[in-house]
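Enquirer: Under this note's numbering, the first residue of the sequence shown carries the number 6, and numbering increases by one thereafter.
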Amino acid sequence: MQHVECEKWVSTLNDRGYMTLSIDPFTQKFLDYCESHSGVHVFEGGAAYGIATHLALKRGAIVTANDGDPRHLDLLYEHTPQEFRSALKLSPGMLPHDLDFPKDSFDVIYSSRMMHFLTGEEVEICMSKFFNWLKEGGKIFLVVESPYLGACYSAFILTYEERKKQGHPWPGLIEDTTSYKSMRYNNIPRLLNFFDTDIMRRISKNCGLIVEECAYINRTDFPLEVRHDGRESVGLVATKPYA
Ligand SMILES: C[S@@+](CC[C@H](N)C(=O)[O-])C[C@H]1O[C@@H](n2cnc3c(N)ncnc32)[C@H](O)[C@@H]1O
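1) Excluding the 5 residues preceding and the 5 following V149 in the sequence, name in chain order all residues of the same chain whose CB lies nearer than 6 Å to its CB.
2) State the beta-bridge partners of M24 as determined by DSSP.
3) With G125 as the anchor, note down where its alpha helix (DSSP H) starts and where it stops.
4) Looking only at its chain, what residues have a beta carbon closer than 7 Å to the beta carbon of Y158, apart from the 5 residues adjacent to it on each side?
5) Using the beta-carbon count (16 or more within 10 Å), is T183 buried or exposed?
6) Put K170 into one of helix, strand or coil per three-state DSSP.
7) Our contact map puts K13 next to G142 with C-beta atoms below 8 Å; I'd like the distance itself, whole angstroms only.
8) With DSSP as the reference, identify every bridge partner of D72, one or two as the case may be.
9) Could you tell me if P176 is buried or exposed, where buried requires 16 or more neighbouring beta carbons within 10 angstroms of its beta carbon?
10) DSSP three-state label for Y158, please.
11) Under a three-way DSSP split, which group does C212 fall into?
12) Out of curiosity, what's the CA-to-CA distance linking K140 and Y38?
13) Please classify L163 as buried or exposed, where buried requires at least 16 other C-beta atoms within 10 Å of its C-beta.
14) Of all the options G155, N198, C131, I204, which has the alpha carbon lying nearest to the alpha carbon of F106?
15) Skipping 5 residues on each side, what residues in its chain have a beta carbon closer than 6 Å to that of V216?
16) By the 10 Å Cβ neighbour count, where 16 or more other Cβ atoms means buried, how is K108 classified, buried or exposed?
17) For a test of your reading of the model: does the CB of D74 fall under 7 Å from any non-hydrogen atom of ligand 3? Yes or no.
18) Please confirm whether any heavy atom of ligand 1 lies closer than 7 Å to the CB of E119.
19) Just how far apart, CA to CA, sit A53 and A92?
20) In three-state DSSP terms, what is H42?
21) How far does the alpha helix (DSSP H) with A61 in it extend, from its first residue to its last?
22) Is F48 closer than 8 Å to F146 when the C-beta atoms are compared?
23) Would the C-beta of H77 count as close to ligand 1, meaning under 7 Å from any of its heavy atoms?
24) Leaving out the 5 sequence neighbours to the left and right, which residues in its chain are closer than 6 Å to E40 when beta-carbon positions are compared?
25) On the DSSP bridge assignment, give the partners of S117 in chain order.
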């Protein structure tokens, strides 16, 4: 794996941030669900080197792991213990356009810290694909970063809050991150599209999901420089209703 910036963050190879080695409360809910529903078929979007995929496999899940960079998936596979490899499928490609699965393919969809790399339109397409791929009664667990992500984005918070007051549909969109880059954690692309809990609820309801829980995550596990006030990430648990 590439250089590690802090003991819990590992750089991606494609300027898409860092895989975190710590487990946030929504990822823990996803893993608990895999444990209590052994044999569920999971799709993970933006798996990077597979921290969550590996833990889900160990809890008895069958996992289709996606990432936009196939090199991440090669490393994910290399680090998968032999005994779990038959329960793992790799699905490289950029969401939402490169991938398609038949309707009702998965019991669970999980994606952590990937969707803020998509434009608003791509987020909506991605959510409707996730909804379609999910079986009725299936669960979706998402984690996405918010604008409250620490020192380097603090100048953006005012812009975000002003846009929010004006009813902008994507108030957390930064089309050019150049002026916000942290000195240390600068492995990011030009566009970021931060979520808040209102956005997360809206896009979930719009595609037909029933929201069970949607809340900010206090990232005490993140490096100090990318922490702000306990609202650094947004988490979601939602269900696809029976028709
Ligand atoms: C910040 S890392 C998050 C890794 C891990 N899921 C976590 O929570 O720490 C984002 C990952 O999503 C992948 N990614 C970004 N945009 C993507 C897209 N449009 N489709 C699929 N994967 C994408 C990147 O290649 C990267 O591995």
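Glycine is no exception: its CB is placed at the ideal position from the N, C-alpha and C atoms. All values derive from a computational prediction rather than experimental measurement.
Expert: For this structure:
1) Closer than 6 Å at Cβ, skipping near neighbours: M120, H121, F200, V239.
2) DSSP output for M24 lists V15 as bridge partner(s).
3) Element bounds for G125: 125-138.
4) Residues P152, Y185 of the same chain have their beta carbon placed closer than 7 Å to that of Y158, with the five preceding and five following residues left out of the count.
5) Counting Cβ neighbours within 10 Å, T183 comes out exposed, since fewer than 16 surround it.
6) K170: helix per DSSP, three-state reduction.
7) Not a contact, Cβ separation roughly 34 Å.
8) P97, per the DSSP bridge assignment.
9) Within a 10 Å sphere around the beta-carbon of P176 sit 16 or more other beta-carbons, which makes this residue buried.
10) In this structure, Y158 counts as helix in the three-state DSSP scheme.
11) C212 sits in coil when the DSSP states are folded into three classes, being neither helix nor strand.
12) Looking at the two C-alpha atoms, the distance is approximately 15 Å.
13) Counting Cβ neighbours within 10 Å, L163 comes out exposed, since fewer than 16 surround it.
14) For the set G155, N198, C131, I204, the Cα lying nearest the Cα of F106 is the one of C131.
15) Within its own chain, the residues whose Cβ lies closer than 6 Å to the Cβ of V216, once the five positions on either side in sequence are excluded, are R206, S209, A243, listed in chain order.
16) Classification for K108: exposed.
17) With respect to ligand 3, the structure offers nothing, as its ligand set consists of ligand 1.
18) Note that residue 119 is Met in the sequence shown here, rather than Glu. Answer for M119: yes, Cβ within range of ligand 1.
19) Their backbone Cα atoms lie some 18 Å apart in a straight line.
20) Reduced to three states, the DSSP call for H42 is coil.
21) Taken as a continuous stretch (DSSP letters only), the alpha helix (DSSP H) holding A61 covers 56-63.
22) No.
23) The answer is yes for H77.
24) If we look at E40 and ignore the five residues flanking it on each side, its Cβ neighbours are R64.
25) Residue pairing from DSSP places S117 in a beta bridge opposite V148.
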